[in-house]
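Protein chains in written order, with the working numbering: chain E, 1 to 168; chain G, 1 to 407; chain R, 1 to 102; chain Z, 1 to 236.
Taking it in order: structure first as structure tokens, then the write-up.
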């Protein structure tokens with residue numbers, strides 16, 4: 001179990017790190033997709049089946065498409081090879097990140113976590129009952145947020161004069 | 001896989017019905033217990049690969065034959081009797097052709113794109129119940145798995161288009177993305193009412209929910225209810241678009257983009273793309289059969305003696321024939337027509353249908369006059385939005401008048 | 001190393017990777033992707049504590065679903081913003097977008 | 001309503017699919033190498049040389065190597081070498097014949113000008129279109145032997161035109177015969193009785209109508225090459 005999880009963690013982490021390091025924006029986006037797929041596999045291995053598929057569907061099927069579209073629409077030819085970040089900025093960023101990393105790492109490894117038996121996977125029906133029962137208001141709110149986001153995204157990305165630009 | 005434990009007289013116990021399982025047990029029976037599930041899994045993978053590989057080979061032939069007949073030609077008839085060896089001749093030709101990679105191309109992505117595409121087209125087939133107890137992987141959320149696997153296919157088309165470093169390929173890549181974003185939505189929305197009514201996200205559960213007949217002749221298939229018929233229509237149109245088939249084959253529009261994302265591909269990689277197109281088509285059709293046409297259920301109670309996998313295959317072939325028929329008939333859409341059809345017609349229709357399916361699920365215990373009212377309301381909820389949305393979609397598109405050419 | 005530790009370590013690593021993308025790379029799209037990665041790391045924590053934690057973590061699963069939905073909305077709006085900024089400034093470098101006035 | 005036109009379109013293709021299996025009007029494709037196309041009579045392709053008989057094509061070529069076609073040919077694809085000697089033609093009259101007659105079909109543009117200008121009806125347009133060759137230069141350069149085809153073949157491919165040609169040749173022959181007889185009569189009236197050999201030889205043949213389609217009578221229906229008043233080209 002732990003070995004499988006470790007392998008999947010590597011499958012997830014290596015593309016993520018590579019995605020942040022490569023210069024080509026398209027490569028970066030595709031590596032992010034790979035990292036998301038790895039994460040979905042990790043969820044699957046952990047036993048969160050429904051969440052794994054939902055994650056893959058939303059990220060690989062939806063977010064990645066939007067990202068790639070945005071990359072293409074913002075002139076990949078000129079922008080894909082970005083100039084290296086300034087040394088000062090990189091240094092500042094790295095210091096901040098290493099600070100966060102050390103905090104997180106120390107808190108994880110020095111905390112004595114209770115070792116209990118893994119919780120059995122939640123049946124799908126139970127998840128549905130939770131969503132439609134105690135969390136119904138939250139579900140409706142999320143639906144509202146998604147609708148607002150859809151309309152807002154359309155308005156933001158639409159041409160200045162929608163009457164002339166046609167549907168965006 | 002669960003072996004059927006039904007009454008002895010039930011068709012599930014017929015010898016032919018259980019033949020695949022018996023064959024599997026015979027092949028794996030002598031193995032130690034630890035190895036048996038692995039070998040069985042490998043066997044089912046090999047079976048799926050073999051059957052769908054052969055299906056792909058003969059789909060290409062059938063497509064060429066039928067297109068030929070529709071265009072008053074005989075189609076391929078030189079290689080073997082009735083051209084039956086044509087797929088193998090094509091395969092040999094594709095394998096022996098030179099593999100050309102443009103110098104400026106992104107070598108890794110250019111190679112990965114067809115491989116990833118074929119792999120993604122295949123993994124969706126794992127959750128399709130091809131017959132009673134014939135499903136490779138039993139998952140609780142297998143429908144979601146199928147669409148998650150299918151969502152990534154356009155990604156490899158994008159990879160192919162972008163990695164070729166060719167402007168036509170890049171345009172194809174953008175078109176593929178626009179098409180995917182547009183048609184993924186109605187595809188998923190059309191499948192939601194099925195999940196609501198069947199009360200299950202697993203393919204086997206959905207097929208089981210469609211078992212049985214009203215009066216022995218009217219099967220409880222989802223496509224035979226008003227909301228299901230509408231959802232089936234939306235699903236198949238979106239499936240056409242998702243599998244890049246005509247009339248939605250904009251990413252490879254040969255009259256505008258040479259071959260779109262396929263422009264810089266040759267030889268075996270091209271063959272892989274070709275294979276992925278047919279596999280994707282077969283997978284989506286298989287999903288359509290599972291969700292709407294009762295999966296492996298027989299259409300009439302008296303026909304149950306025919307094995308379930310035969311029924312599944314017949315329904316699958318029927319849908320694939322429909323794909324070919326549509327390809328032979330309709331001209332390609334423009335990109336703006338494509339997106340308008342999705343956002344202004346299919347998505348609202350699917351949304352109304354969602355309500356319709358919900359009502360159907362809530363009113364499932366209505367019988368008698370109330371049952372008739374249920375059917376009428378459901379039918380009205382399909383017909384009225386169809387007419388209204390169709391009006392608005394085609395408003396201003398009367399029959400074309402030719403100013404100078406008409407007499 | 002227990003599975004819970006592994007999950008938490010992976011989550012922390014993903015969070016830091018996302019942070020690097022946000023802080024070091026100046027590209028707006030990469031910044032957004034980094035934020036997505038950080039959200040994913042948070043989701044992973046929820047799942048890890050549901051599965052390997054002391055129980056009663058079903059709420060975490062539901063929360064992950066909401067988080068995924070909100071992340072999708074965030075990506076859509078973010079990319080729309082990036083496109084709008086690019087249309088306006090002809091660049092997607094975050095540093096270039098330093099004025100509120102158009 | 002939306003979808004009506006789509007269904008109509010589907011019905012059209014379905015009808016064609018089913019109809020192609022039983023309705024010959026819907027299934028019009030011919031499978032070419034096995035089923036040769038029925039070419040329209042007026043179809044023309046590259047030129048060929050008309051000979052009177054099939055057994056001795058070289059001996060009965062109508063061509064007298066006058067080289068008009070060679071000069072008129074716009075792309076200059078015809079090459080002719082006159083013979084040094086004279087050989088008797090089908091009628092037995094001694095004529096110059098083409099020692100070399102070659103047409104480069106790679107250059108020929110099928111304009112039919114050679115046919116128009118030929119005073120002897122010796123060159124006509126063929127219908128043979130499958131002349132592809134693996135050899136780029138020699139294969140498409142047709143020589144005398146390849147070009148010569150009997151009159152019967154001409155009748156076969158262009159029946160109407162060939163009948164006209166035969167009729168015209170027969171009429172010319174009759175006119176020449178008449179002229180010769182008048183000349184003979186005049187000469188007979190004159191003190192010197194001398195009958196031209198050619199006119200005497202042509203007399204029995206011209207009495208019969210020109211047969212069409214059979215090679216053997218065609219051989220015995222000799223052509224009297226009394227030339228119309230076309231100028232003989234000066235030898236180069």
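Each residue gets a CB set at the ideal place from its N, CA and C atoms; glycine is no exception.
On a predicted model such as this, the values are computed, not experimentally measured, just so you know.
Report the three-state DSSP secondary structure of residue 7(Z) (helix, strand or coil). On the fourth chain, position 7 is the one that residue 7(Z) refers to. Reduced to three states, the DSSP call for residue 7(Z) is helix.
Spatial neighbours of residue 145(Z) within its chain, please: CB distance less than 8 Å, with the 5 preceding and 5 following residues excluded, ordered by chain position. Mapped onto the fourth chain, residue 145(Z) falls at position 145. Hits under 8 Å: 57, 58.
Comparing alpha-carbon positions, which option in 66(G), 244(G), 253(G) lies nearest residue 280(G)? Your numbering for residue 280(G) matches position 280 in the second chain. Here the closest residue by C-alpha is 244(G).
Of all Cβ atoms in chain E, is any one closer than 8 Å to the Cβ of residue 75(R)? Looking up residue 75(R) in the third chain gives position 75. True, the Cβ-Cβ gap to chain E drops below 8 Å.
Per DSSP, which one or two residues make a beta bridge with residue 415(G)? Only positions 1 to 407 of chain G appear in the structure, and residue 415(G) is not among them; the question remains open.
Shortest alpha-carbon distance to residue 263(G) belongs to which of 87(G), 99(G), 33(G), 29(G)? Here the question's residue 263(G) lines up with position 263 in the second chain. Looking at the Cα atoms, 99(G) is the closest of the given residues.
Could you spell out the range, first to last residue, of the alpha helix (DSSP H) harbouring residue 387(G)? Taking the first residue of the second chain as position 1, residue 387(G) is located at position 387. First-last of the alpha helix (DSSP H) with residue 387(G): 369-394.
Looking at residue 63(Z) and residue 123(Z), is the spacing between their C-beta atoms short of 8 Å? For the purposes of this step, residue 123(Z) is taken as residue 123 along the fourth chain, with counting starting at 1. For the purposes of this step, residue 63(Z) is taken as residue 63 along the fourth chain, with counting starting at 1. Yes, they are a contact pair.
Using a beta-carbon distance cut-off of less than 7 Å, what residues from the stretch 132-153 of chain G approach chain E? 139, 140, 141, 144, 145, 147, 148, 151, 152
Count the other C-beta atoms from every protein chain shown that fall within 10 angstroms of the C-beta of residue 21(Z), then say buried if there are 16 or more, exposed otherwise. Here residue 21(Z) is taken as the residue at index 21 of the fourth chain, counted from 1. Exposed.
Quick check on DSSP: helix, strand or coil for residue 81(Z)? Taking the fourth chain and counting its residues from 1, one reaches residue 81(Z) at position 81. Strand, per DSSP.
At which residues does the beta strand (DSSP E) containing residue 103(Z) begin and terminate? In the fourth chain, the residue the question calls residue 103(Z) occupies position 103. From DSSP, the beta strand (DSSP E) with residue 103(Z) extends over 94-104.
Strand pairing of residue 131(G), partner residues [DSSP]: Locating residue 131(G) in the second chain gives position 131, where the first residue counts as 1. Paired residue(s): 134(G).
Contact between the stretch 356-376 of chain G and the stretch 207-218 of chain G: three or more CB pairs below 8 Å? no
Across which residues does DSSP place residue 50(Z) in a beta bridge pair? Start at 1 with the first residue of the fourth chain, and residue 50(Z) comes out as number 50. Its beta-bridge partners are 149(Z).
Got a sec? Which residues, its chain only, sit under 7 Å from residue 142(Z) by beta carbon, not counting five neighbours each side? As a working mapping, residue 142(Z) is identified with position 142 in the fourth chain. Here the set comprises 102, 103, 105.
Applying the 10 Å Cβ sphere with the 16-neighbour rule, what's the burial state of residue 336(G)? For this step, residue 336(G) is matched to residue 336 along the second chain. That one is exposed.
Compare the Cα-Cα distances from residue 40(G) to each of 51(G), 54(G), 25(G), 48(G) and report the closest residue. Translated into the one-based positions of the second chain, residue 40(G) becomes position 40. Among 51(G), 54(G), 25(G), 48(G), the Cα nearest to that of residue 40(G) is on 25(G).
By the DSSP assignment, the alpha helix (DSSP H) with residue 65(E) in it spans what residues? Counting from one through the first chain, the residue named residue 65(E) turns up at place 65. Note, residue 65(E): alpha helix (DSSP H), 64-73.
Per DSSP, what kind of secondary structure is residue 123(Z) in: helix, strand or coil? Here residue 123(Z) is taken as the residue at index 123 of the fourth chain, counted from 1. Note: residue 123(Z) maps to strand in three-state DSSP.
Taking CB distances under 8 Å as the criterion, tell me whether residue 1(Z) reaches chain G. What you label residue 1(Z) is simply residue 1 of the fourth chain in a count that begins at 1. Judged by the 8 Å Cβ criterion, residue 1(Z) is in contact with chain G.
Assigned secondary structure, residue 400(G) (DSSP; H/G/I helix, E/B strand, else coil): Along the second chain, read from residue 1 onward, the residue named residue 400(G) stands at position 400. Look at residue 400(G) here: in three-state DSSP terms it is coil, with no helix or strand label.
Let me make sure I understand the geometry here. Which of 36(E), 53(E), 88(E) has the alpha-carbon closest to that of residue 147(G)? Position 147 of the second chain holds residue 147(G). Of 36(E), 53(E), 88(E), the residue nearest in Cα terms is 53(E).
For a test of the three-state rule: what should DSSP assign to residue 226(G), helix, strand or coil? Position 226 of the second chain, counted from the first residue, corresponds to residue 226(G). Here residue 226(G) sits in helix by DSSP.
Answer yes or no: does any C-beta atom of chain E fall closer than 8 Å to that of residue 38(G)? Walking along the second chain from the start, residue 38(G) turns up at place 38. Chain E, which has no Cβ nearer than 8 Å to the Cβ of residue 38(G), makes this no.
Taking DSSP as the reference, what is the three-state secondary structure of residue 88(Z)? Indexing the fourth chain from 1 puts residue 88(Z) at position 88. The answer is strand: DSSP assigns residue 88(Z) an E or B state.
Could you say if the stretch 297-305 of chain G and the stretch 216-229 of chain G meet the contact criterion of at least three C-beta pairs nearer than 8 Å? yes
Quick one: what's got a C-beta closer than 7 Å to residue 40(R)'s C-beta in the same chain, skipping five residues either side? Within the third chain, residue 40(R) is the residue found at index 40, counting from 1. The residues are 14.
Going along chain R, which residues have a C-beta under 9 Å from residue 55(E)? Stepping through the first chain from its first residue, residue 55(E) is reached at position 55. Those within 9 Å of residue 55(E) in chain R are 40, 43, 64, 68.
Residue 353(G), enclosing alpha helix (DSSP H) - first and last residue: Locating residue 353(G) in the second chain gives position 353, where the first residue counts as 1. Here the alpha helix (DSSP H) through residue 353(G) covers 347-362.
Less than 8 Å separating the beta-carbons of residue 56(E) and residue 37(E)? Locating residue 56(E) in the first chain gives position 56, counting from the first residue. Locating residue 37(E) in the first chain gives position 37, counting from the first residue. Yes; because the gap between Cβ atoms is below 8 Å, this pair is in contact.
When you compare only the Cα positions, how much space is there between residue 362(G) and residue 222(G)? What you label residue 362(G) is simply residue 362 of the second chain in a count that begins at 1. What you label residue 222(G) is simply residue 222 of the second chain in a count that begins at 1. Rounded to whole angstroms, residue 362(G) to residue 222(G) spans 15 Å at the Cα level.
Taking any Cβ of chain Z, which residues in the stretch 313-331 of chain G have a Cβ under 7 Å from it, in chain order? 325, 328, 329, 330
Ordered along the chain, which non-local residues of its own chain (more than five positions away) have a Cβ less than 8 Å from that of residue 82(R)? Position 82 of the third chain, counted from the first residue, corresponds to residue 82(R). Closer than 8 Å at Cβ, skipping near neighbours: 28, 29, 32, 92.
Quick one: does residue 24(R) have its CB under 8 Å from some CB of chain E? Sequence index remark: in the third chain, residue 24(R) carries index 24 (1-based). Nearest CB-CB separation between residue 24(R) and chain E: below the 8 Å threshold.
Assign residue 214(G) to one of three DSSP states: helix, strand, or coil. In the second chain, the residue the question calls residue 214(G) occupies position 214. Residue state, collapsed to three classes: strand.
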